[in-house]
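As structure tokens, the structure follows; a few thoughts come after it.
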Amino acid sequence: MDNGTSGPITDLEVDVYAVDSNGKRSPDRCRPAKGNVSLRDLFRELLTDGLSGTLDAIGTRAQSIYSPMPWGMQGVPPQLGSYGGMMAAHAAHSPQLSQVLQWAQQQMLDRFPQVMRRGEAARVLFTADEEVEVRANIQFADEVGDLWRRRHGQLPEPVLEGE
8 MDNGTSGPIT
18 DLEVDVYAVD
28 SNGKRSPDRC
38 RPAKGNVSLR
48 DLFRELLTDG
58 LSGTLDAIGT
68 RAQSIYSPMP
78 WGMQGVPPQL
88 GSYGGMMAAH
98 AAHSPQLSQV
108 LQWAQQQMLD
118 RFPQVMRRGE
128 AARVLFTADE
138 EVEVRANIQF
148 ADEVGDLWRR
158 RHGQLPEPVL
168 EGE
């Protein structure tokens, strides 16, 4: 959420929700990631995927380069990607990285602030099932107290009295 208005906004309400493949709200609610997702586990999973693919490509390339040679390629298994998980786990549990990930986890927001100054931004990371799309509707009051609403994918519009 970025406050791109010319003044502060107040009474900020952000409705983050999931929709299914038909565009209908899913009964599975989105949840703030803080307290529901471990950055260490997420980092380890992403690093494992990246390392496994890279190591497999290196092993395959090395086999294709050295196998025609008379001495062949000795001692390098063709499936180097199997070592990706072990390497990622070691990196994710290193003391230095653990401190960084713990600090980042503590800095995560679990909700949007109700008041934001001009030019201020707030980020809340949400988690949802893989099969859903995450959307957000926003409502806020501008510096003179007028209410505004911005539905997902639309421009802001004034909220009429009684709505």
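In my numbering, the protein residues as written are 8 to 170.
Where is the CB? At the ideal position from N, CA and C, for every residue including glycine.
Remember, it's a predicted structure, so these values are computed and weren't measured experimentally.
Boundaries around Ala-98 are those of the alpha helix (DSSP H), 91 to 99, since no beta strand (DSSP E) includes it. Under DSSP, the beta-bridge partners assigned to Gln-146 are Glu-20 and Arg-156. Secondary structure at Glu-140: strand, using DSSP grouped into helix, strand and coil. By the neighbour-count definition (other C-beta atoms within 10 Å, threshold 16), Met-93 is an exposed residue. DSSP places Gln-112 inside the alpha helix (DSSP H), whose first and last residues are 102 to 114.
Thr-61 counts as exposed, since fewer than 16 other beta carbons sit within 10 angstroms of its beta carbon.
Short of 6 Å from the beta carbon of Gln-146, and not among the five residues preceding or following it, lie these beta carbons of its own chain, in chain order: Glu-20 and Arg-156. In this structure Leu-46 does not touch Ala-96 by the C-beta definition: roughly 15 Å separates them, more than the 8 Å allowed. Judged by beta-carbon spacing, Cys-37 lies beyond the 8 Å limit of Phe-119, meaning their Cβ atoms are not closer than that value.
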